[in-house]
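Visitor: Could you have a look at this structure, given as structure tokens, before my questions?
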Amino acid sequence: ALGMRVRLLSNAPAAREPELLAAVDRLLALPPRRYELPPSPAGWAAGLYLERGVRLDRIPALLAEDLGEAGAEFQRRSAAGDHEAEPRYAWRRRENLRLRIGLALATSDSGAARRALDELARETEAAPGGGVLPAFRGAARFPDERTELDRLAARVLTTEGRGEDALGLLARLLPDPVLGPAIEREARAAWRAARGAEEGFEAWRTGLADGLAVAPWQAADRPPPAIPLTEFGGGPWSWDAQRGRTVVLFVWATWCTPCRDQLPWLEQLAERLAGRPDVAVVTVNVDRTNASLLPFLGEHDLALPVLTGGDRLFDEGLPGVPALWIVGADGRVRRELRGFAGGGEEWLAAALAEVEGVAEPAPVVSGGT
486 ALGMRVRLLS NAPAAREPEL LAAVDRLLAL PPRRYELPPS PAGWAAGLYL ERGVRLDRIP
546 ALLAEDLGEA GAEFQRRSAA GDHEAEPRYA WRRRENLRLR IGLALATSDS GAARRALDEL
606 ARETEAAPGG GVLPAFRGAA RFPDERTELD RLAARVLTTE GRGEDALGLL ARLLPDPVLG
666 PAIEREARAA WRAARGAEEG FEAWRTGLAD GLAVAPWQAA DRPPPAIPLT EFGGGPWSWD
726 AQRGRTVVLF VWATWCTPCR DQLPWLEQLA ERLAGRPDVA VVTVNVDRTN ASLLPFLGEH
786 DLALPVLTGG DRLFDEGLPG VPALWIVGAD GRVRRELRGF AGGGEEWLAA ALAEVEGVAE
846 PAPVVSGGT
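At position 343 of the sequence shown the residue is numbered 828 (the numbering used here), and the sequence of numbers has no breaks.
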């Protein structure tokens with residue numbers, strides 16, 4: 486009954502906050518019990534204090550208590566042979582980390598927020614099924630954890646003065662019919678941090694679905710940006726190793742709708758060029774972390790090589806995505822295409838012609854006599 490009263494009061498107006506806090510105190514004073522999901526009273530109280538911006542100094546001890554109770558529950562379940570003991574405990578750890586990030590942001594401790602965020606990203610990437618226990622997948626109370634990770638990452642990036650990166654993360658979440666309004670508020674905050682005012686936000690918001698303005702193929706003569714790139718799931722990737730080959734490089738993001746639309750046509754382009762060992766088709770992802778990239782690749786089974794670390798391209802002047810570069814055998818960007826207005830045979834034929842215009846003629850294999 487006390488727990489129900491506390492939950493009801495948690496939605497009460499600010500005038501009843503003293504009554505709510507007194508009820509929370511009584512709840513926390515009750516003898517320990519075994520708790521599963523959702524968090525224990527300590528974890529729940531920490532979340533409540535954080536949401537209301539009160540008693541922030543008490544939250545660290547409550548989070549430590551919550552994690553201790555989760556560990557004890559894990560030991561009991563493991564001893565009983567419960568196969569869900571580990572995923573339940575892992576979920577509790579991640580929920581604890583989310584609250585720690587919120588506390589660090591509320592107290593302007595950007596360093597602690599970044600450390601907790603990096604730890605949460607690692608644990609979320611390692612969690613099966615999006616990080617949500619099977620019994621709770623699809624429930625409104627347990628939104629996709631990777632979405633929550635991106636939202637927290639955007640808040641951390643904003644406090645670090647990296648509003649543009651935060652906008653990139655939030656852009657792909659804006660169409661969500663449930664979270665859209667909340668995401669838009671967060672995007673406005675990131676926009677102000679990046680641009681200093683809200684002027685232009687609506688134009689950016691409206692233009693997201695259209696991606697980067699489409700331009701025709703253009704000539705270029707410059708070296709590609711000298712940034713470190715890594716093969717997804719592999720080792721370092723370098724331009725030096727590509728010398729003597731023509732490289733078709735596609736720059737994209739998981740949150741970019743035109744990018745996602747263009748990927749299947751890039752795969753078809755790669756198939757048309759499969760008989761050219763002197764030509765390679767690769768992609769560079771510009772997402773800040775792999776937290777969104779990993780599930781995307783799992784769902785779409787992309788056949789093209791994916792390089793990570795491309796977020797640094799924005800520091801090198803990349804105006805937006807998608808972008809397609811053709812780098813000649815001499816290691817210089819020779820042709821480029823910005824934006825994507827749709828695929829089809831006409832697009833493929835044009836892209837093939839651009840590649841052939843940069844690449845050396847295909848070697849002629851003569852038959853024996």
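The C-beta atom is built at its ideal place from N, Cα and C for all residues, glycine as well.
From Thr578 to Leu588, what distance separates their C-alpha atoms?
Guide: In the sequence shown, residue 578 corresponds to position 93, counting from 1. In the sequence shown, residue 588 corresponds to position 103, counting from 1. According to the sequence provided, residue 578 is Arg. The question's Thr does not apply to it. One C-alpha to the other measures close to 15 Å.
Visitor: Comparing alpha-carbon positions, which option in Leu642, Asp763 and Leu634 lies nearest Leu778?
Guide: Working through the sequence shown from its first residue, we reach residue 778 at position 293. The candidate whose alpha carbon is nearest that of Leu778 is Leu634.
Visitor: For Thr592, report the span of its alpha helix (DSSP H) as first-last.
Guide: Here residue 592 corresponds to residue number 107 of the sequence shown, with the count starting at 1. No alpha helix (DSSP H) contains Thr592, which DSSP labels as neither H nor E.
Visitor: Note down the Cα distance separating Thr731 from Ala704, rounded to an integer number of angstroms.
Guide: Within the sequence shown, numbered from 1, the residue matching residue 731 stands at position 246. Within the sequence shown, numbered from 1, the residue matching residue 704 stands at position 219. About 15 Å.
Visitor: Could you have a look at Ala705 and say whether DSSP puts it in helix, strand or coil?
Guide: Working through the sequence shown from its first residue, we reach residue 705 at position 220. Strand, per DSSP.
Visitor: Give the DSSP-derived three-state secondary structure of Ile586 in the structure shown.
Guide: Here residue 586 refers to the residue found at position 101 when the sequence shown is read from its first residue. Helix, per DSSP.
Visitor: Is the beta carbon of Leu734 closer than 7 Å to that of Gly794?
Guide: Translated into positions along the sequence shown, residue 794 becomes position 309. Translated into positions along the sequence shown, residue 734 becomes position 249. No, the Cβ-Cβ distance between Gly794 and Leu734 is not below 7 Å.
Visitor: Tell me the rounded alpha-carbon separation between Phe627 and Trp576.
Guide: Numbered from 1 along the sequence shown, position 142 holds the residue referred to as residue 627. Numbered from 1 along the sequence shown, position 91 holds the residue referred to as residue 576. Residue confidence is low: Phe627 scores 47 on pLDDT, short of 50, so the model does not pin down where it sits. No coordinate-derived value is stated.
Visitor: Mind the definition here: the stretch 543-562 touches the stretch 593-600 only if three or more C-beta pairs lie below 8 Å; say whether that holds.
Guide: The stretch 543-562 vs the stretch 593-600: no contact.
Visitor: Tell me whether the beta-carbon of Val806 lies closer than 7 Å to the beta-carbon of Cys744.
Guide: Counting from one through the sequence shown, the residue named residue 806 turns up at place 321. Counting from one through the sequence shown, the residue named residue 744 turns up at place 259. Contact: yes.
Visitor: For Arg673, I'd like the list of residues in its chain whose CB is within less than 7 Å of its CB, leaving aside the five on either flank, ordered along the chain.
Guide: Here residue 673 refers to the residue found at position 188 when the sequence shown is read from its first residue. Closer than 7 Å at the Cβ level, and outside the excluded window around Arg673, lie Glu683 and Phe686.
Visitor: Tell me whether the beta-carbon of Leu547 lies closer than 7 Å to the beta-carbon of Leu582.
Guide: Position 62 of the sequence shown, counted from the first residue, corresponds to residue 547. Position 97 of the sequence shown, counted from the first residue, corresponds to residue 582. Against a cut-off of 7 Å, the Cβ pair of Leu582 and Leu547 comes out as no contact.
Visitor: Please report the straight-line C-alpha distance between Ala835 and Arg585, rounded to a whole angstrom.
Guide: Against the sequence shown, residue 835 aligns to sequence position 350. Against the sequence shown, residue 585 aligns to sequence position 100. Taking the straight line joining both Cα atoms gives about 52 Å.
Visitor: Can you check whether the CB of Leu837 is closer than 7 Å to the CB of Arg757?
Guide: The residue given as residue 757 occupies position 272 in the sequence shown. The residue given as residue 837 occupies position 352 in the sequence shown. Yes. Within cutoff.
Visitor: Pull up the CB-CB distance for Thr739 and Leu751, whole angstroms please, since I reckon it's below 8 Å.
Guide: Translated into positions along the sequence shown, residue 739 becomes position 254. Translated into positions along the sequence shown, residue 751 becomes position 266. In fact, because the Cβ distance is near 15 Å, the residues do not count as touching under 8 Å.
Visitor: Considering only residues of the same chain and omitting the five flanking positions on each side of Tyr534, which have a CB-CB separation below 7 Å?
Guide: To locate residue 534, count along the sequence shown from 1; it is residue 49. These residues qualify, in order along the chain: Arg540, Leu541, Arg543 and Ile544.
Visitor: Classify Arg631 as buried or exposed, calling it buried when 16 or more other Cβ atoms lie within 10 Å of its own Cβ.
Guide: Here residue 631 refers to the residue found at position 146 when the sequence shown is read from its first residue. So Arg631 ends up on the buried side.
Visitor: Name the two residues that bound the continuous beta strand (DSSP E) containing Ile544.
Guide: Start at 1 with the first residue of the sequence shown, and residue 544 comes out as number 59. That residue, Ile544, is in no beta strand (DSSP E); its alpha helix (DSSP H) goes Ile544 to Ala564.
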